[in-house]
Structures are given as C-alpha cells and as structure tokens.
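Quick note: the sequence shown uses my numbering, first residue 8, plus one each step.
Report on one structure; see the data block that follows.
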Amino acid sequence: MMKPIQIAIVGLGWVGQNRHNPSLLRDKNFKLVGVIDKHEGRARAFAQQWNLPCAACSPDLQNVPWLDEVEAVTLATPPSSHAALACQALAQGKHVLTEKPFALTTQESEAMSLAAQNSGKQLAVVHNFQFSRAAQRLWRDLAQDRLGPITRVAATQLGNPQRRLPSWYETLPLGLFYDESPHFFYMLNALAKGGLSLCRAHGFKAQHARTPRLVHVLYKDQNDTPFTIDCQFDSTLSEWHVRITGTKATAIIDIFRDIYMVLPNDRQHKAYHILRSSACAITQHLMAHIPNGFLFLKGSLDYGQDQVVNRFAQSIRNNQEDDKIGLAQALKVHKLQSEAVAAITENLYA
C-alpha cells in the first residue's frame, strides 16, 4: 500500500470541521496531521479532540514550522483569503484543495493559476455536488439516453435567511449569490453542449444587503437549449433543485436532500398519466429520503465531498490535473461566475 499523503486543514469553521475533516479521515490516501486556524485556541482544541499531532494559530501559512512535513493542504477559509493562502502553499511546494468560490477577481484567479504552474503542484477546487449520489444517477441516465435529448435545464434555489450561513457572505460581490453560485455553474456547464453562453441576467435589490432578493440568469448552449438559474434569497424555505427536461422524461435533483427522481413523459396529461407521475414522485422520494435521512443524522451524508477528496489524492499521485475539479475547471467556473455577477449588477432593480 502506498504511503498516505500528509495533509493539513486550514480554517476550522463549519465547513472545515464538518466537510473537510470527516472526508479526509475516511480517505486512506491521506493522513491528517494538523490544523491551522486564526482564532486563538480553536486549532489546539480541535487537534486534541481528534488526536492530531499538530496545530497552529495563524492567519496565514508563514511561521508554521511543522508545515515542512506536510505535502498538501485544504483551504476551508473565507473566500477573500483563498488566493493569498493558495499562492503561499503552492510557493512552499504544497498541493492545494480550496473551497469554492475559487477566487474573488480575475486577477486573483490568474495569480493562483500562475502559482500552480510555477510550483508544478496540483490546485483543485471543491465542486462536490456533481459527485453526489443523485448526480451520479443523473449522469448514468444521460449516458443510457433514458431522458432523451435535453430540451431545458433549470436550477432553482430558495434560501431562508434564517438558516446557518457564514458570517462573511455579505462582504462578497452580490453576497450569498457569489458564495453559492459556483455549484450552479459547474452542474449546468457539465450538461450544456459546448458550454454555457450568457443571454441575459437581472436581479431585484434587497434594501439593506448586498445579497439580492431575486436573481435570474438565462443561458443557452450550442444547441440553443435554454438553461436558467433562479434564486430567491428571502424565502421562507431552503430548497435547491435542478430540473432536466428531456423528450422522454424529466429528471429532478433535490440537492439539499441528495435525492434523484425521474418522471416519465405524461403525454396527454390524462388521469392515468397524472396519477403515474404522482406515484413515481412519491415512491422515488421516499425510497431515497429514508436512507439519506439516516445518513444525515449520522453525519455521513457527504454530498460528493468524499469523491472530491479521492480525486484530489489521485491527481497528486498521478501528477495529473483532474478533469472535474482541477485548475482548468476552476478557471472556467470562475469566468462564468464573473460574467454573471457583472451582468446582474448592471441590471439590478430596486
């Protein structure tokens, strides 16, 4: 068996503790040796809790002597710190897996790309929902032509502002949209023939926040298939669905519950077809909801995070960029995100 890759987590907010830590501990390719956090005492307490040999209180990667023993780091810090920390780590000869959003500006993304090229190390981004159980079933159905040619793709997000949210999201361009939109872009871009081409975008301002109340973005692909992203950030519900309409059937991914459903073409929409659609939806939802509910309660519903970590390990071992989470994909998603933010900002209604 190959020697585990020595790795450290930088940033111990909710994502670092509840996504990065469990997935790294489960993956035998890695040995988690230490954690770094800027808050006094947090890293030390976490290291003691998980029996990790190393911990450091630091806002960056300078003057952390035990990092010499580390081959890779994961960044679970606020987006404003990703570029500086990634460039520091790469300059020190570390492979880097950073949280989304990848960067805040084109200048940052270019600096990160150059640092990765100069270091010869892997730079990857956590684009995890494309590897969820639900998404894997969608990719299989598309490969088997179960849906038929795609005629429409729609991503819809409802966000309740009372749910658990990071403290820093309002510092980002368009606030929460910037933090969460990378998930829309890599999912939809993977479904688009020839990639996404922006048609128009607009939003509805919030009175006292950077995060808009509503956002709508329209794309098309090279087949002129329409793709849309619709977000409401002042909802009383927190839901996120991606709907893929084909000529044979319609597939729906419930992102937050990691549930996948396929509903057949209901043709004349007669009573039989209506009842069939209802039965299919209820049965499929319950069949996935029950086991996923147990996984959620156990803290092991990983939403594709384990796949991301494993792919990161293989890219390090093979010295080859991953085609789903590697630098090229990170830059592609960042470009889509930047274009959308600029278009929405120009068309924000009061």
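Each residue gets a CB set at the ideal place from its N, CA and C atoms; glycine is no exception.
The structure displayed is predicted, hence computed values, not measured ones.
Just list the residues that DSSP pairs residue 258 with in beta bridges.
251 and 269
Candidates 158, 31, 115 and 101, of which the one nearest residue 91 by Cα
115
Are the segment 138-150 and the segment 228-241 touching by the rule of at least three beta carbon pairs closer than 8 Å?
no
Given that a residue counts as buried once 16 or more other Cβ atoms are within 10 Å of its Cβ, and exposed if not, what is residue 159?
exposed
Determine the contact status of residue 88 and residue 170, defining contact as a CB-CB distance below 9 Å.
no
Below 8 Å, how does it come out for the segment 166-182 and the segment 251-258: are there three or more Cβ pairs, yes or no?
no
Close beta carbons around residue 319, own chain, < 6 Å, minus the five adjacent residues each side
104 and 131
Below 9 Å between beta carbons: does that hold for residue 106 and residue 123?
no
For residue 187, count the other beta carbons within 10 Å of its own beta carbon; 16 or more makes it buried, fewer makes it exposed. Which is it?
buried
I need the DSSP call for residue 233, collapsed to helix, strand or coil.
strand
Could you spell out where the alpha helix (DSSP H) holding residue 84 opens and where it closes?
First-last for residue 84: undefined, no H or E at that position.
Quick check on residue 53: buried or exposed, where buried means 16 or more other Cβ atoms within 10 Å of its Cβ?
buried
Just curious, the alpha helix (DSSP H) that residue 15 is in, first and last residue?
Not the alpha helix (DSSP H): residue 15 falls in the beta strand (DSSP E), residues 12-17.
Taking only the alpha-carbon atoms, compute the straight-line gap between residue 73 and residue 344 and give it to the nearest angstrom.
36 Å
Select from 101, 49, 252 and 191 the residue whose C-alpha is nearest the C-alpha of residue 323.
101
For residue 335, count neighbouring C-beta atoms within 10 Å of its own C-beta (all shown protein chains included) and say buried if the count is 16 or more, exposed if not.
exposed
Taking all protein chains shown into account, do 16 or more other C-beta atoms lie within 10 angstroms of the C-beta of residue 121, making it buried, or fewer, making it exposed?
exposed
Which of helix, strand or coil DSSP assigns to residue 165:
strand
Any idea what DSSP makes of residue 114, helix, strand or coil?
helix
Beta-carbon within less than 7 Å of residue 292's beta-carbon, same chain only, minus the 5 sequence neighbours each way: which residues are those?
266 and 268
In three-state DSSP terms, what is residue 339?
helix
Have a look at residue 98 and residue 239 and give me their C-alpha separation to the nearest angstrom.
40 Å
Which residues in the same chain as residue 280 place their Cβ atom closer than 7 Å to its Cβ, once the five residues preceding and following it in sequence are excluded?
273 and 274
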